[in-house]
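Structure first, commentary second.
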Amino acid sequence: MSQTAVPAAGASLSAARRTRELTEATDGRVVDVLVVGLGATGAGAALDAAARGLDVVAVDAHDLAFGTSRWSSKLVHGGLRYLASAQFDVAHESAVERGVLMERTAPHLVRAQPFVLPLTGLVSRGQAALAWAGFRAGDALRLSARTARATLPAPRRLSPVETRHLAPALRPGGLRGGLLSWDGRLTDDARLVTALARTAAARHARVLTRVRALDLTASGARVRDELTGEEGEIRARAVINASGVWAGDLVDGIRIRPSRGTHLVLRSEHIGPLPAGLHIPIPGETNRFVLVLPQDDGRVYVGLTDEPLDGPVPDVPDVPETDIGFLLDVLGSVLDVPVRRGDVVGAFAGLRPLLDTSGTAHGGASRTADISRRHAVLTSPDGVVSVVGGKLTTYRRMAEDAVNAAVDARGLAAGPSPTAALPLVGAAAPRALAALRAPRRLVQRYGTEAPAVHALAGQNPRLAEPVVPGHPVTGAEVLWALRHEGALDEADLLDRRTRIGLVPADRAEALKAVRALMGEAAPLA
Numbered sequence: 269m270s271q272t273a274v275p276a277a278g279a280s281l282s283a284a285r286r287t288r289e290l291t292e293a294t295d296g297r298v299v300d301v302l303v304v305g306l307g308a309t310g311a312g313a314a315l316d317a318a319a320r321g322l323d324v325v326a327v328d329a330h331d332l333a334f335g336t337s338r339w340s341s342k343l344v345h346g347g348l349r350y351l352a353s354a355q356f357d358v359a360h361e362s363a364v365e366r367g368v369l370m371e372r373t374a375p376h377l378v379r380a381q382p383f384v385l386p387l388t389g390l391v392s393r394g395q396a397a398l399a400w401a402g403f404r405a406g407d408a409l410r411l412s413a414r415t416a417r418a419t420l421p422a423p424r425r426l427s428p429v430e431t432r433h434l435a436p437a438l439r440p441g442g443l444r445g446g447l448l449s450w451d452g453r454l455t456d457d458a459r460l461v462t463a464l465a466r467t468a469a470a471r472h473a474r475v476l477t478r479v480r481a482l483d484l485t486a487s488g489a490r491v492r493d494e495l496t497g498e499e500g501e502i503r504a505r506a507v508i509n510a511s512g513v514w515a516g517d518l519v520d521g522i523r524i525r526p527s528r529g530t531h532l533v534l535r536s537e538h539i540g541p542l543p544a545g546l547h548i549p550i551p552g553e554t555n556r557f558v559l560v561l562p563q564d565d566g567r568v569y570v571g572l573t574d575e576p577l578d579g580p581v582p583d584v585p586d587v588p589e590t591d592i593g594f595l596l597d598v599l600g601s602v603l604d605v606p607v608r609r610g611d612v613v614g615a616f617a618g619l620r621p622l623l624d625t626s627g628t629a630h631g632g633a634s635r636t637a638d639i640s641r642r643h644a645v646l647t648s649p650d651g652v653v654s655v656v657g658g659k660l661t662t663y664r665r666m667a668e669d670a671v672n673a674a675v676d677a678r679g680l681a682a683g684p685s686p687t688a689a690l691p692l693v694g695a696a697a698p699r700a701l702a703a704l705r706a707p708r709r710l711v712q713r714y715g716t717e718a719p720a721v722h723a724l725a726g727q728n729p730r731l732a733e734p735v736v737p738g739h740p741v742t743g744a745e746v747l748w749a750l751r752h753e754g755a756l757d758e759a760d761l762l763d764r765r766t767r768i769g770l771v772p773a774d775r776a777e778a779l780k781a782v783r784a785l786m787g788e789a790a791p792l793a
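Just so we're aligned: the sequence shown equals residues 269 to 793 in our numbering.
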């Protein structure tokens with residue numbers, strides 16, 4: 269792609285394309301595969317099926333990455349946690365998929381993230397030895413997954429001076445050193461989903477947001493356009509239910525036990541420089557940590573919790589004060605600078621769609637932290653394929669397994685999945701990405717499309733300005749999202765394409781500028 273590149277052929281999603289393709293999808297024709305849900309797994313399934321040459325329609329009642337896929341820790345885990353619970357197959361699968369993302373499919377969106385585990389008085393020497401053994405085992409996982417050492421450096425022990433260099437915010441008293449480890453880190457989980465959806469669209473999948481599946485059968489779905497209220501039918505030879513925590517609402521017999529993971533959002537200037545993230549041991553736990561995750565937009569995420577959710581599943585989960593207090597307490601156990609409730613400028617919670625394999629809806633494991641993160645592909649008696657469980661890192665394998673099941677169950681003519689070697693929109697080798705004439709921050713968000721986004725700002729100086737003071741997102745990025753990334757309204761722009769909305773005060777301040785840009789982009793939508 270050239271320095272003045274335009275989007276890959278067919279990869280642009282827009283309001284006009286949505287209208288046209290929704291009409292096509294409901295005109296009575298029969299497509300090969302209908303995917304319901306456009307989180308990471310659903311968008312991945314749409315790409316997987318389209319990449320095999322199948323005719324695909326994918327719908328979501330809301331937006332790309334509206335549900336769990338935008339509320340993660342933004343990490344691509346290598347499976348270390350699963351080793352501790354003897355889930356060796358899950359750990360290996362995670363390590364393999366991490367390597368696929370970092371080295372083949374999305375090197376522009378995923379890079380190595382260093383973490384420091386501070387050895388304070390709260391961490392006994394026995395606990396430190398156990399953690400070090402875990403990090404060494406994690407490096408063995410990297411090797412078994414054939415991920416290059418250049419991609420993920422080796423773990424090592426740190427002196428107190430080195431520890432404070434990588435994490436200056438740590439309290440120096442009682443600090444006897446640290447343990448350095450590495451994992452994969454996404455620029456943004458919602459941007460991964462957008463890239464998946466656009467790559468599927470480039471392979472002729474019809475990607476339709478704001479289209480709600482009302483009734484689901486093995487031969488299609490009755491749907492409603494949430495923008496107009498009009499109803500119609502999408503007919504399909506195979507149907508994949510990838511609606512996450514809402515999977516049981518569409519297919520009988522699926523029991524999901526959601527687990528709430530909460531993160532806090534802090535301003536980075538409050539904590540100070542963080543060259544590395546932090547693993548902070550949770551008191552009383554052997555293999556659970558609170559993560560401190562510095563971002564590139566002047567924010568820091570602190571998470572996460574693992575608590576069961578009882579009752580109806582909301583569209584956007586609330587963050588209880590108990591979660592906020594818990595995370596602040598753990599954070600305060602190691603930081604030199606106090607972090608109080610008033611310093612929390614935002615918070616978000618995601619719901620993990622864990623499969624309840626117990627005999628009752630709330631029986632079995634006493635904690636959601638104890639439930640396996642294995643995914644499952646279930647085929648209903650009438651032939652609807654549902655994919656549940658799992659985690660963001662393994663979305664591609666989940667999608668592949670779901671499409672395999674749909675192909676087998678419905679006798680579709682399709683070969684094996686090619687997605688382990690299929691670059692997403694914007695992907696390129698690190699050397700090619702480094703040579704792009706665009707700001708580094710844009711390259712890490714848009715890959716090879718960064719020069720085109722940067723060129724928009726060059727055409728109009730006003731588009732080069734930040735949408736909100738103190739946050740790096742520019743008007744050019746908002747315009748790009750409207751023209752090429754399927755954003756339909758201000759919530760799509762603020763809450764998923766740019767993530768400005770994670771801080772409510774920033775969101776409110778950005779609204780006027782975003783609405784003005786939407787007016788300018790309307791003729792091109």
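Cβ coordinates follow ideal geometry from the N, Cα and C atoms, glycine included.
6 Å Cβ shell around residue 474 - same chain, five flanking residues per side excluded: 289, 293 and 325
Cβ neighbour criterion (16 or more within 10 Å) applied to residue 340: buried
Contact under 8 Å by Cβ, residue 560 with residue 545: yes
For residue 794, three-class secondary structure by DSSP: Nothing in the structure corresponds to residue 794, since the chain is present only between 269 and 793.
Collapsed DSSP secondary structure at residue 287 in the structure displayed: helix
Residue 781 versus residue 766 - alpha carbon distance: 13 Å
Coil, strand or helix - residue 675 by DSSP: helix
Sequence-distant residues of its chain with Cβ nearer than 6 Å to residue 624 (five each side left out): 523 and 525
CA-to-CA distance, residue 665 to residue 685, given in whole angstroms: 10 Å
Given residue 729 as reference, the closest of 493, 743, 517 and 768 once Cα atoms are compared: Nearest of 493, 743, 517 and 768 to residue 729, Cα basis: 743.
Nearest neighbour of residue 676, chosen from 656, 647, 660 and 690 [CA to CA]: Residue 647 holds the alpha-carbon nearest to the alpha-carbon of residue 676 among 656, 647, 660 and 690.
For residue 504: DSSP bridge partner residues: 299
Within 8 Å, strictly: CB atoms of residue 749 and residue 761: yes
Residues that residue 728 bridges to, as DSSP identifies them: For residue 728, which the question treats as bridged, DSSP gives no partner whatsoever.
Proximity of residue 461 and residue 308 at Cβ, strictly below 8 Å: yes
Integer Cβ distance of residue 612 from residue 592, believed to fall under 8 Å: The pair is a contact, with the Cβ atoms about 6 Å apart (cut-off 8 Å).
For residue 343 and residue 417, the rounded distance between their alpha carbons: 18 Å
Exposure label - residue 799; buried when at least 16 CB within 10 Å: Residue 799 is absent from the model: the chain starts at 269 and stops at 793.
Inter-stretch contact at 8 Å, needing at least 3 Cβ pairs: the stretch 422-442 / the stretch 534-552: By the Cβ test, the stretch 422-442 is in contact with the stretch 534-552, since at least three Cβ pairs between them sit closer than 8 Å.
Those runs of the alpha helix (DSSP H) which lie wholly inside the stretch 383-420 and span at least 4 residues: 393-412
Extent of the continuous beta strand (DSSP E) run through residue 798: Nothing about residue 798 can be read from this structure; the chain reaches only from 269 to 793.
Residue interval of the alpha helix (DSSP H) (run including residue 431): 428-434
Coarse secondary structure for residue 577, derived from DSSP in three states: coil
Endpoints, the alpha helix (DSSP H) within which residue 779 is located: Annotation for residue 779: the continuous alpha helix (DSSP H) segment containing it runs 772-789.
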